[in-house]
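Residue numbers (the working numbering): 12 to 142.
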């Protein structure tokens, strides 16, 4: 019984440590975090299977779940969670990062993979700088 009480106290404390703040779209730090979530979201999507309909035809690509792919998926998910969990839930926040993901996809298609790599490096630094 004592162990159960300690376990409950531990979980309550660990969840209370997370400091969520309200998303402020006028705050440059908040906007950069939101942008980075869009970058990471797009990059993570590239590591999963996808189906697209183009010109009435269905196209599918698959990603082999090798150890490197699984490691990259986990790293991107952890980075995304780190950034998202800084903020309270907000529909505007979610809509904005989804829009950023679409814009990053377009820029990556125009500028190439090097663009995405640079953006991910910048976001990786942002994700861990506040800890």
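Where is the CB? At the ideal position from N, CA and C, for every residue including glycine. Note that the structure is predicted; figures quoted are calculated from it, not measured.
Presumed contact (8 Å Cβ cut-off) between residue i and residue j, rounded CB distance
i	j	result
residue 94	residue 56	Incorrect: roughly 16 Å between the Cβ atoms, too far for contact.
residue 74	residue 59	6 Å
residue 137	residue 47	5 Å
Beta bridge counterpart(s) of residue i as assigned by DSSP
i	result
residue 65	68
residue 98	32
Nearest-angstrom Cα separation, counted from residue j out to residue i
i	j	result
residue 35	residue 76	37 Å
residue 135	residue 129	10 Å
residue 113	residue 53	7 Å
residue 84	residue 123	20 Å
residue 72	residue 63	9 Å
residue 39	residue 115	18 Å
residue 104	residue 92	14 Å
residue 90	residue 82	12 Å
residue 96	residue 121	31 Å
residue 101	residue 41	12 Å
residue 88	residue 37	26 Å
Beta-carbon proximity of residue i to residue j, cut-off 8 Å
i	j	result
residue 99	residue 51	no
residue 127	residue 119	yes
residue 111	residue 66	no
Per-residue DSSP class, three states only, for residue i
i	result
residue 34	coil
residue 49	helix
residue 137	helix
residue 26	With a pLDDT of 49 at residue 26, under the threshold of 50, the predicted position of this residue should be treated as unreliable, and no value is reported.
residue 74	coil
residue 58	coil
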